[in-house]
Amino acid sequence: MTEVEAAKDEAMVQSHKLEKRRSSGASAKSTSAEYLRKLSLEDEDDWETSSDSATSSEEGNVSSGERRSPTRRESATSINSVEMLSNELLEREASQSFEAVPHSPVQNPPVRNPPVGLGGAGRTLAAAFQASEHIPYKRAEIPEPSLTPYDKNFCKALVSMLEKRKNYLYKIHTVFSDDSWDPKELEKSGQAGDYIEASPMSMTPFKVAAREDSDIDFGMENGVYIPLNEEHSIAVPVAAKVFFSDLHDLSSMMNSAPYATFAHRRLKLLQEKFSLYQMLNSEKEFLSIKALSHRDFYNVRKIDNHVHHSACMNQKHLLRFIKKRVREEGDKPVIMRDGKVLSLKEVFESLGLSPYDLNIDVLDMHAHNTKNTTFHRFDKFNQKFNPTGEARLREIFLKTNNYVKGKFLAGITKEVFDDLAASKYQMAEYRLSIYGKSKSEWAQLASWWYDNKLVSPNVVWMVQIPRLYAIYKKSGELDNFGEFISNIFEPLFEISKCPNKDPKLVAFLDNVVGFDIVDDESRHERKVHREMPTPEEWDVEKNPAYNYYLYYIYANLYVLNSFRQKRNMSQFSFRPHAGEAGDVDHLAGAFLVANSINHGINLKKNPALQYLYYLAQVGLAMSPLSNNCLFCEYSKNPFPTFFERGLNVTLSTDDPLLIHMTKEPLVEEYSIAMQVYKLSTADISEIARNSVMQSGFPKRLKRHWVGGSKMFENNPYQSNVPDVRIQFRKECLEAEHQMVYKYGMMPSE
């Protein structure tokens, strides 16, 4: 018997041993198999049933834990692969801590033909394709640990919190106003030379059809709008006392020392699994990516999930725009000061500046200024939004509601749209502010958006709510926090009830995909408790705690979504800033009620909560360059650790105007991360794919861009992510779910 034949036989023996061990534990793993399938395979925002996905799941036999043993023919497809496997078997002869074995795919992949190229290049691609198909996927088999009573109790607590999160989240249903809308038609419009009035939500976003009014009335009760007509089935959220009680339970659980130890072990194990995976499958990944003709990182979709609209351009772009406006519209009245209207030229003369004097250093908007450092100084960071340090220039060029009705901001926005259209593969979710000072804000913002035709195939919009109640209370603009909530949500309920009153606002809301809350999280605050005063009772000048804001924005959004779904209107996700600084409890509250979050760097301080975020696959849009300016040095950012462990992370820019230097800030963010954190092409392609899955773009676009809208659906020819990488992530998550639910659903002893 030759050495190769001996290695083949040894591989078969090991595979059958592994199959035997799996079959012996199948009964334990099937305790909550159907639930695990839904939890691990479905995106939280996607609750549509699909016969295709069900069929593929049955064919893959993954949810039930069954694996098809490789046949002798499959084991001997390539002499090279058998020799590699035999070497690995010899190396681990004395150790049984893990086993590297060929593994069948999660789902039966579609039949793919080798790429067709020209000349030698085409033959190289074909060879890479064939080689990647023959190299088996090797995985590390790690025995299930024996758990202590503390560990089992932690599993019960984890199951409880995962169930609570599932009950808190609103199940969003996608609504399309245009049935003829098609991703390919949208792409064609984005490539046209002229400005195209098309959005990801509709090919005709400014044509608003008349709709019937609703007879459902709403009124505020304890800070939450509820239907006054009891006969209508409008879903309402849990009461504030229940939320604060659940938050207290979660806080107690995540601060338990034994629980933290268990979570840290599991997270560390996930990280080491990824290292083993890379060692065992790096060649297969490399050849798989090499075989993907046409596709690479530059032409996969990358979405900037977290970027503020007023800072979406870079400094050079803003400088060039300001100079052009002064040169071409210098005599245009732009601002009123002390009862006098000033032209643009007069404003610059009053500042002692001329367009020729302006440069990047005079503009002074970069947050990395060493003279006035912004590190741990959110107040100084905000001051950087003022060009040349002058608030009047910010009002003229970066505000929507000013003397020129936001014309200049709309103009530079269209130029940014042109840059995105030129790149084709970069998208953005820009945030516009609603402050809650008056009910007229929504109509003003919608008119600015509608009148300036601010749509792009590459852009959807979000609304951010700054937590500035205390400032408005001190200035006398608000009487209590209930008025703040009313100013934000009453216009939304009214326009959802009677859409013909303001077609501009209807069109704008059809292009809004989510809500965000923003401000400095590092400020000291008192913790919330069960007996908190209602918003109508909160009439002091002190700002409410973060989680107080979080609940009342979430609760009203929950009722609004329920009402708009009943009216066949678009709904909104909740994606707040959380965990950039301040108390870790911010992340606990966001875990319960948020679809995804921005930042999340404070998760590194709490292993138990980090493990929960992993199990629930809560999206984290992280911005290492932005964090480097404020709260966390780039080298200490937890982003690479989170990525290796399998958390649902992606990269975003936050404020390109203050941070980035190039015309493509998102690519700049990816490029720096790739170099500093030593990420591979597969890594950054996976991160880009995560950005698509976290985004509010329609599901049919997600399927067109990455091959699916659910968590583990993938087509490498669209996403540039090898199937083997998605398979690895899926198996790791399933293994953790199976362990947690196995012990978490056991009856108490």
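If you count the sequence shown from 1, position 18 lands on 18 in UniProt numbering, and the numbers rise without skipping. Ideal Cβ placement from N, Cα and C applies to all residues, glycine included.
Considering only their Cβ atoms, is the gap separating residue j from residue i smaller than 9 Å?
| i | j | result |
| --- | --- | --- |
| Asp539 | Phe481 | yes |
| Asp213 | Asn229 | no |
| Ile485 | Ile434 | no |
| Val513 | Ser438 | no |
| Ala428 | Leu420 | yes |
| Val159 | Gly744 | yes |
| Asn314 | Met661 | yes |
| Asn606 | Ala260 | yes |
| Phe274 | Glu731 | no |
| Asn511 | Ser256 | no |
| Ser573 | Val236 | no |
| Glu633 | Leu270 | no |
| Asn281 | Phe712 | no |
| Val347 | Arg394 | no |
If we ignore side chains and look at the alpha-carbon of each, how far apart do residue i and residue j end up?
| i | j | result |
| --- | --- | --- |
| Arg301 | Tyr717 | 12 Å |
| Leu651 | Trp442 | 30 Å |
| Ala545 | Leu250 | 17 Å |
| Glu141 | Glu580 | 36 Å |
| Ala240 | Val404 | 42 Å |
| Ser310 | Arg320 | 16 Å |
| residue 778 | Phe397 | As displayed, the chain neither begins before 1 nor continues past 749, which places residue 778 out of reach and without an answer. |
| Ala555 | Ala507 | 24 Å |
| Met254 | Thr148 | 17 Å |
| Ile659 | Ala673 | 14 Å |
| Ser81 | Ile726 | In this prediction, Ser81 has a pLDDT of 41, which is less than 50 and means its spatial position is unreliable; what the coordinates show is noted afterwards. Approximately 22 Å between the Cα atoms of the pair. |
| Met462 | Ile303 | 14 Å |
| Asn487 | Tyr277 | 52 Å |
| residue 752 | Asn595 | Because the chain spans 1 through 749 in this model, residue 752 falls outside it and cannot be assessed. |
| Arg575 | Leu592 | 12 Å |
| Gln694 | Val649 | 9 Å |
| Gln444 | Ile335 | 18 Å |
| Glu494 | Asp502 | 10 Å |
| Arg295 | Arg467 | 43 Å |
| Phe154 | Asp364 | 51 Å |
| Ile172 | Leu509 | 15 Å |
| His586 | Asp217 | 33 Å |
| Phe417 | Val459 | 8 Å |
| Asn167 | Lys742 | 21 Å |
| Cys629 | Arg567 | 44 Å |
| Leu733 | Asn359 | 51 Å |
| Val667 | Gly223 | 42 Å |
| Glu328 | Ile289 | 50 Å |
| Gln464 | Val455 | 18 Å |
| Lys164 | Leu615 | 13 Å |
| Pro533 | Ala470 | 16 Å |
| Lys504 | Met746 | 54 Å |
For residue i, which residues does DSSP report across the bridge?
| i | result |
| --- | --- |
| Phe218 | Pro227 |
| Ala428 | Asp304 and Val459 |
| Pro466 | Val518 |
| Met253 | None; Met253 has no bridge partner. |
| Ala391 | Per DSSP, none; premise fails for Ala391. |
| Ala574 | For the sequence presented, residue 574 should be read as Phe rather than Ala. Phe574 is bridged to Phe515. |
| Asp723 | Per DSSP, none; premise fails for Asp723. |
| Asp654 | Val307 |
| Ser202 | Ser199 |
| Pro333 | Ser343 |
Pick from the options: whose alpha carbon is nearest that of residue i?
| i | options | result |
| --- | --- | --- |
| Tyr356 | Lys345, Ala422 and Met365 | Lys345 |
| Met203 | Ser354, Pro457 and Ser719 | Pro457 |
| Asp723 | Gly339, Glu686, Val740 and Phe639 | Glu686 |
| Asn299 | Tyr425, Leu630 and Glu144 | Tyr425 |
| Glu221 | Asp361, Arg394, Glu537 and Leu679 | Glu537 |
| Glu285 | Pro747, Thr681, Gly708 and Lys504 | Thr681 |
| Leu287 | Ile135, Gln617 and Ser522 | Ile135 |
| Gly589 | Asp151, Lys702 and Asp246 | Asp246 |
| Leu169 | Arg211, Leu432 and Val238 | Val238 |
| Gly696 | Ser522, Leu292 and Arg431 | Arg431 |
Just to check my reading of the structure: residue i and residue j have Cβ atoms closer than 8 Å, yes? What is that Cβ distance to the nearest angstrom?
| i | j | result |
| --- | --- | --- |
| Tyr677 | Pro640 | 4 Å |
| His599 | Ser623 | 7 Å |
| Ser496 | Arg564 | 5 Å |
| Phe206 | Lys453 | 7 Å |
| Tyr549 | Val528 | Wrong, their Cβ atoms sit about 10 Å apart, outside the cutoff. |
Does at least one heavy atom of the ligand MG sit under 8 Å from the Cβ of residue i?
| i | result |
| --- | --- |
| Ala470 | Absent from the structure shown: the ligand MG. Ligands present: none. |
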